[in-house]
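Engineer: The sequence shown: position 75 = 122 (my numbering), numbered continuously.
For each residue, glycine too, the CB sits at the ideal point set by N, CA and C.
The model shown is predicted, which means the values in this text are computed figures rather than measured ones.
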Amino acid sequence: MKQPEQEDLRSRLTPLQYSVTQEAQTERPFTGVYWDNHAQGTYRCVVCAEPLFDSGTKFESGSGWPSFYDVVDKGRVTQKRDFSHGMLRTEVVCANCGAHLGHLFPDGPNPTGLRYCINSASLAFEAQPQSAAGDADLV
Ligand SMILES: [Zn+2]
48 MKQPEQEDLR SRLTPLQYSV TQEAQTERPF TGVYWDNHAQ GTYRCVVCAE
98 PLFDSGTKFE SGSGWPSFYD VVDKGRVTQK RDFSHGMLRT EVVCANCGAH
148 LGHLFPDGPN PTGLRYCINS ASLAFEAQPQ SAAGDADLV
């Protein structure tokens with residue numbers, strides 16, 4: 048029996064976005080759209096649009112995946128134990144919709160020492176508007 052929600056996701060997401068977020072696949076390093084993105088803005092869950100990461104916590108990990116040392120809000124991301132591939136790793140999923148995001152490693156930079164290694168395919172980047180200092184210049 049097919050769930051309508053899953054069918055909806057299949058039509059809304061790209062095949063890669065679907066396999067990463069719903070089947071916990073991992074995109075190949077240096078192939079995603081965001082690993083080398085340096086724009087200011089917010090990274091949202093590609094499935095449910097919850098804000099998950101901020102560009103201010105993104106750093107160059109050299110891994111080929113977007114890497115963050117913190118989340119926008121701790122409650123936005125759920126950690127799970129992942130024993131796949133013969134390793135114990137910490138999987139991180141969207142707390143709101145359960146979408147697979149990537150993994151968390153304890154080798155990140157200060158101030159947290161954490162590295163959220165996230166698939167571009169799990170994220171939807173929303174660029175910060177230029178001159179976001181209020182609506183004074185809007186007519
Ligand atoms: Zn989500």
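Checking contacts by CB at 8 Å: is V140 closer than that to chain B?
Structural biologist: Any reference to chain B falls outside this structure, which holds one protein chain only.
Engineer: Ignore the nearest five residues each way along the sequence and tell me which others in L135's own chain have a CB closer than 7 Å to its CB.
Structural biologist: Counting from 1 along the sequence shown, the entry for residue 135 is found at position 88. Around L135: R128.
Engineer: At the level of alpha carbons, what is the spacing between E54 and L60?
Structural biologist: Numbered from 1 along the sequence shown, position 7 holds the residue referred to as residue 54. Numbered from 1 along the sequence shown, position 13 holds the residue referred to as residue 60. Rounded to the nearest whole angstrom, the C-alpha separation of E54 and L60 is 10 Å.
Engineer: Going residue by residue through the segment 71-136, where are the continuous alpha helix (DSSP H) segments of at least 4 residues, counting only ones entirely within it?
Structural biologist: none
Engineer: Would a C-beta distance cut-off of 8 Å place E87 and A171 closer than the cut-off?
Structural biologist: For the purposes of this step, residue 87 is taken as the residue at position 40 of the sequence shown. For the purposes of this step, residue 171 is taken as the residue at position 124 of the sequence shown. The sequence shown places Gln at residue 87, rather than the Glu named in the question. Against a cut-off of 8 Å, the Cβ pair of A171 and Q87 comes out as no contact.
Engineer: Please determine, among E138, S169, A168, G145, the residue with the shortest C-alpha to C-alpha distance to R162.
Structural biologist: Working through the sequence shown from its first residue, we reach residue 162 at position 115. Shortest Cα-Cα distance from R162 to any of E138, S169, A168, G145 involves E138.
Engineer: Taking the straight line between their C-alpha atoms, what separation do you get for L63 and Q177?
Structural biologist: Counting from one through the sequence shown, the residue named residue 63 turns up at place 16. Counting from one through the sequence shown, the residue named residue 177 turns up at place 130. Their Cα atoms are separated by approximately 31 Å.
Engineer: Alpha carbon to alpha carbon, what distance is there between L148 and D154?
Structural biologist: Position 107 of the sequence shown, counting from 1, holds the residue named residue 154. Position 101 of the sequence shown, counting from 1, holds the residue named residue 148. C-alpha separation (whole angstroms): 18 Å.
Engineer: Return yes when at least one heavy atom of ligand 1 lies under 7 Å from the C-beta of A171, else no.
Structural biologist: Numbered from 1 along the sequence shown, position 124 holds the residue referred to as residue 171. The answer is no for A171.
Engineer: If you follow the alpha helix (DSSP H) that L161 is part of, which residue opens it and which one closes it?
Structural biologist: As a first step, residue 161 is located in the sequence shown; it is residue number 114 there, counting from the start. Looking at the DSSP string, L161 is not in any alpha helix (DSSP H), and its letter there is neither H nor E.
Engineer: Starting from the C-beta of G259, find all residues in its chain whose C-beta is less than 7 Å away, skip the five residues before and the five after it, and write them out in chain order.
Structural biologist: Because the chain in this structure spans residues 48 to 186, residue 259 falls outside the shown range and cannot be described.
Engineer: Pull the bridge partners of G149 from the DSSP assignment, please.
Structural biologist: By one-based count along the sequence shown, residue 149 stands at place 102. As a beta-bridge residue in DSSP terms, G149 pairs with V139, I165.
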